[in-house]
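Engineer:
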Ligand code: MN9
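Residue numbers (my numbering): 82 to 369.
(1) Between the C-alpha atoms of residue 88 and residue 107, what's the straight-line distance to the nearest angstrom?
(2) For a test of the three-state rule: what should DSSP assign to residue 332, helix, strand or coil?
(3) Quick one: what does DSSP say residue 149 is sitting in, helix, strand or coil?
(4) State the beta-bridge partners of residue 87 as determined by DSSP.
(5) Can you name, in chain order, every residue of its own chain whose Cβ lies under 7 Å from the Cβ of residue 371, other than the five neighbours on each side?
(6) Shorter than 7 Å, the distance from the beta carbon of residue 328 to the closest heavy atom of ligand 1, or not?
(7) Which residue comes first and which comes last in the alpha helix (DSSP H) that contains residue 172?
(8) The beta strand (DSSP E) that contains residue 183, what's its start and end?
(9) For residue 279 versus residue 336, is the C-beta distance shorter than 8 Å?
(10) Can you tell me where the alpha helix (DSSP H) holding residue 357 begins and where it ends?
(11) So, residue 155 versus residue 239, is the Cβ gap smaller than 8 Å?
(12) With the cut-off set at 8 Å, would you say residue 291 and residue 116 are in Cβ contact?
(13) Any contact of the region 116 to 134 with the region 315 to 325, i.e. 3+ C-beta pairs under 8 Å?
(14) Pull every residue with its beta-carbon under 5 Å away from any heavy atom of ligand 1, and keep them in chain order.
(15) Would you decide whether residue 125 is buried or exposed? Buried here means 16 or more other CB atoms lie within 10 Å of its CB.
(16) When you compare each of 231, 179, 175 and 173 to residue 200 by their alpha carbons, which one comes out closest?
(17) Per the DSSP calculation, residue 275 is bridged to which residue(s)?
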């Protein structure tokens with residue numbers, strides 16, 4: 082399960098329905114052009130927290146059907162409705178997803194016992210491995226080294242998608258749990274995480290910049306830090322402009338410019354206006 086995974090975008094039509102043809106094109110683009118090792122499906126980048134349970138299942142179906150066994154697949158199933166999380170975990174497992182992942186439960190200020198119970202409830206009900214999805218900036222959930230260790234006691238918890246700029250904690254987790262998988266979650270910090278010997282990365286910008294992400298990761302593993310730093314620099318020139326124009330809509334705009342029907346974003350996320358579309362095209366021309 083090591084390697085580079087795209088946090089997969091989903092294509093929606095103007096009314097917020099899944100655009101199956103567009104989603105298949107995004108899957109193919111990631112496998113054939115970006116050449117990533119796997120896809121992380123229904124994460125933040127997939128606008129997971131804006132869609133219905135039925136749409137989540139529909140997306141799991143389409144992605145598995147299009148990808149087949151070409152790449153590894155991770156299904157993000159986390160939800161505040163724990164019954165839904167369990168149902169989605171079972172569903173993706175039956176479809177053949179290689180692992181599931183679940184965001185830490187958010188919004189209510191759950192204590193750690195509640196967080197642990199959430200993960201163990203999902204895992205008691207499904208015969209699959211799980212990757213914790215930790216993204217404190219969006220969830221407000223900050224777990225410490227001991228708490229990660231508590232969750233890792235369950236053998237089915239095989240790792241963490243670590244989306245935080247806390248390299249002290251990342252180093253401590255790496256050192257304390259050499260057998261767990263750590264995936265770097267911030268693409269603009271991939272080099273720094275790679276130097277600390279993460280096992281892979283999961284990123285939204287890999288939808289358009291996956292090949293450079295691989296260069297950064299592999300150069301760092303080979304100890305070629307100067308070369309890796311140069312690729313991270315051009316990557317971050319790209320990411321800075323994407324963030325400035327709006328993260329998910331701009332990645333969609335770039336995909337469209339490349340002939341991939343990435344569709345609209347789900348409301349209340351905005352899609353690009355005409356000026357934003359032009360800017361996304363300029364970003365693609367300049368950096369990709
Ligand atoms: O999954 C992504 N996180 C979110 C990882 O979208 C919340 C990252 O790839 C970021 O989008 C990216 C830009 O900040 O690093």
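The beta-carbon is built from N, C-alpha and C at its ideal position, and this holds for glycine as well.
Structural biologist: The relevant details are as follows:
(1) On the chain shown, residue 88 is found 7 positions in, with the first residue counted as 1. On the chain shown, residue 107 is found 26 positions in, with the first residue counted as 1. Taking the straight line joining both Cα atoms gives about 11 Å.
(2) The count along the chain shown starts at 1 and reaches residue 332 at position 251. Helix.
(3) Within the chain shown, numbered from 1, the residue matching residue 149 stands at position 68. Correct three-state label for residue 149: coil.
(4) In the chain shown, counting from the first residue as 1, residue 87 sits at position 6. Residue 87 pairs with 120 and 284.
(5) Nothing in the structure corresponds to residue 371, since the chain is present only between 82 and 369.
(6) As a first step, residue 328 is located in the chain shown; it is residue number 247 there, counting from the start. Yes, Cβ of residue 328 sits closer than 7 Å to a heavy atom of ligand 1.
(7) Residue mapping note: residue 172 aligns to position 91 of the chain shown, counting from 1. Where residue 172 is concerned, the enclosing alpha helix (DSSP H) stretches over 163 to 176.
(8) The residue you call residue 183 lines up with position 102 of the chain shown. Counting along the chain, the beta strand (DSSP E) containing residue 183 begins and ends at 180 to 184.
(9) Taking the first residue of the chain shown as position 1, residue 279 is located at position 198. Taking the first residue of the chain shown as position 1, residue 336 is located at position 255. Contact: no.
(10) Within the chain shown, residue 357 is the residue found at index 276, counting from 1. Segment 355 to 368, the alpha helix (DSSP H) holding residue 357.
(11) For the purposes of this step, residue 155 is taken as the residue at position 74 of the chain shown. For the purposes of this step, residue 239 is taken as the residue at position 158 of the chain shown. Going by C-beta atoms, residue 155 is not nearer than 8 Å to residue 239.
(12) Residue 291 sits at position 210 when you count from the first residue of the chain shown. Residue 116 sits at position 35 when you count from the first residue of the chain shown. Cβ distance < 8 Å, so residue 291 and residue 116 count as in contact.
(13) no
(14) 88, 125, 126, 266, 267, 268, 284 and 285
(15) Stepping through the chain shown from its first residue, residue 125 is reached at position 44. It counts as buried.
(16) Locating residue 200 in the chain shown gives position 119, counting from the first residue. Among 231, 179, 175 and 173, the Cα nearest to that of residue 200 belongs to 231.
(17) Residue mapping note: residue 275 aligns to position 194 of the chain shown, counting from 1. DSSP, once it has assigned bridges, lists no residue as partnering residue 275.
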